[in-house]
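Residue numbers (the numbering used here): 2 to 419.
By construction, the Cβ of each residue, glycine as well, lies at the ideal position given by its N, Cα and C atoms.
Predicted model only: the values in this text are computed from it and were never measured.
Okay, so here's the structure we're looking at.
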């Protein structure tokens with residue numbers, strides 16, 4: 002769950018005030034019955050704004066600005082109502098409960114009531130080469146569908162998948178845009194069909210050494226029925242069906258899935274993540290991508306420059322910005338003490354004052370083989386290179402410096418990245 006994208010105007014209109022009041026009421030509730038009372042009203046309000054956004058571009062802008070203007074003051078106040086509102090918005094964006102659909106059964110028209118949910122299939126990848134994104138071929142989608150049916154989806158569900166492998170910067174960037182994609186996916190899921198995306202509307206991916214990729218889809222099931230396989234296990238309370246299904250899905254021993262990943266992301270090291278509801282998948286992948294980036298960078302230095310972890314040290318420091326805070330991790334040669342690479346560890350909302358984060362980063366570095374680690378006590382302002390815009394990183398003395406990467410043809414030579 003990312004921080005709110007502040008509305009440019011953030012006008013406190015009557016609609017904004019109503020969203021704030023309902024969110025405060027829900028977060029102040031003292032019983033499940035009261036929760037339900039306020040939740041129904043808040044969901045109706047949010048859904049109305051999302052429905053209005055479908056009219057035209059101006060209506061979409063007004064709806065997005067209204068939602069963001071309600072979130073902004075609650076976030077600034079660190080109010081529990083912020084969590085209530087953002088959770089409600091995300092649910093309304095990705096879920097379509099009690100849809101009334103007309104179906105034909107045995108030549109007769111009938112009415113079906115269906116629940117639908119937008120999902121994401123996250124993948125973590127790293128490579129010395131550009132990490133692919135873009136079109137997924139029909140054969141790849143068919144193979145992926147089969148594995149989802151075997152390991153993830155409940156019996157009786159239907160599915161839609163986008164024929165697009167998304168990078169984070171290519172995903173919809175607003176709630177309204179995400180809701181529009183959810184509507185498109187839901188309509189296709191009711192027919193058990195996939196969605197063909199117009200590639201002209203999708204920007205080219207920004208490239209990093211390590212990054213995440215997403216396959217986005219939607220599941221539909223009869224109202225009240227299970228969507229996921231682990232929901233329909235009879236012994237759910239005695240066993241761990243979620244863990245079992247997740248392990249079967251993500252296991253590196255699943256050759257069918259590994260074959261799909263190799264065709265989607267050639268020349269990449271890949272780690273498949275659990276399938277979840279759309280926003281939960283993005284948040285869990287944000288968390289998982291941080292240790293993945295550290296391990297990927299260490300592996301890259303070993304692969305590209307023959308620099309083993311025991312030839313490196315790390316310096317960890319916190320950097321504070323106006324809106325976002327992060328840790329920056331310098332990887333430094335033990336001979337010459339040059340900062341040859343760096344990793345950014347962005348903080349999520351609930352982590353701003355978490356003192357355990359530095360220890361967590363230290364543990365990941367040690368597990369990856371780096372034993373000499375310095376954690377600086379001082380916090381730094383967000384500094385980047387004026388020429389190339391890349392982040393600057395701390396050295397052991399607390400200076401903020403530019404990365405000097407080894408020359409791939411001669412690891413004795415070092416150079417700036419630009």
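Best match in the options for proximity to residue i [C-alpha to C-alpha]
| i | options | result |
| --- | --- | --- |
| residue 115 | 377, 224, 344 | 224 |
| residue 20 | 44, 365, 36, 32 | 44 |
| residue 337 | 396, 210, 253 | 396 |
| residue 226 | 250, 203, 154, 272 | 154 |
| residue 307 | 326, 275, 341, 166 | 341 |
| residue 243 | 407, 76, 177, 152 | 152 |
| residue 277 | 56, 297, 199, 123 | 123 |
| residue 354 | 326, 213, 366, 370 | 326 |
| residue 271 | 245, 212, 257 | 212 |
| residue 178 | 194, 120, 58, 295 | 58 |
| residue 269 | 246, 297, 280 | 297 |
| residue 130 | 339, 93, 304 | 304 |
| residue 101 | 117, 94, 93 | 117 |
| residue 181 | 407, 359, 60, 23 | 60 |
| residue 281 | 233, 215, 222, 333 | 215 |
Where residue i sits in the DSSP three-state scheme
| i | result |
| --- | --- |
| residue 280 | helix |
| residue 139 | helix |
| residue 389 | coil |
| residue 245 | helix |
| residue 154 | strand |
| residue 269 | coil |
| residue 290 | helix |
| residue 379 | strand |
| residue 327 | strand |
| residue 113 | strand |
| residue 199 | coil |
| residue 321 | strand |
| residue 229 | strand |
| residue 406 | strand |
| residue 419 | Unreliable placement is indicated for residue 419, whose pLDDT of 37 sits below 50; no coordinate value is reported for it. |
| residue 413 | Here the model assigns residue 413 a pLDDT of 44, short of 50, so the residue's position is not dependable and the matter cannot be decided. |
| residue 76 | helix |
| residue 161 | strand |
| residue 401 | strand |
Residue i to residue j span [Cα, whole Å]
| i | j | result |
| --- | --- | --- |
| residue 147 | residue 231 | 17 angstroms |
| residue 48 | residue 163 | 24 angstroms |
| residue 424 | residue 241 | The first residue shown for the chain is 2 and the last is 419, placing residue 424 beyond what the model contains. |
| residue 1 | residue 273 | Residue numbering for the chain in the displayed model covers 2 to 419; residue 1 lies beyond these limits and cannot be assessed. |
| residue 349 | residue 192 | 37 angstroms |
| residue 143 | residue 220 | 15 angstroms |
| residue 251 | residue 275 | 7 angstroms |
| residue 387 | residue 399 | 20 angstroms |
| residue 323 | residue 401 | 19 angstroms |
| residue 265 | residue 368 | 29 angstroms |
| residue 206 | residue 110 | 45 angstroms |
| residue 82 | residue 258 | 41 angstroms |
| residue 317 | residue 364 | 12 angstroms |
| residue 345 | residue 209 | 12 angstroms |
| residue 249 | residue 149 | 11 angstroms |
| residue 310 | residue 169 | 29 angstroms |
Beta-carbon separation (whole angstroms), residue i vs residue j, contact threshold 8 angstroms
| i | j | result |
| --- | --- | --- |
| residue 404 | residue 343 | 6 angstroms |
| residue 135 | residue 200 | 7 angstroms |
| residue 385 | residue 391 | 6 angstroms |
| residue 125 | residue 290 | 6 angstroms |
| residue 30 | residue 39 | 6 angstroms |
| residue 65 | residue 279 | With 8 angstroms as the limit, residue 65 and residue 279 do not qualify as a contact, their Cβ atoms being about 17 angstroms apart. |
| residue 121 | residue 302 | That pair is no contact at about 30 angstroms. |
Buried or exposed (CB count within 10 angstroms, at least 16 for buried), residue i
| i | result |
| --- | --- |
| residue 218 | buried |
| residue 171 | buried |
| residue 380 | exposed |
| residue 3 | At residue 3, the pLDDT of 44 sits below 50, so the modelled position is not reliable; the number obtained from the coordinates is stated separately. Looking at its Cβ environment, which holds fewer than 16 other Cβ atoms inside 10 Å, residue 3 is exposed. |
| residue 165 | buried |
| residue 141 | buried |
| residue 54 | buried |
| residue 319 | buried |
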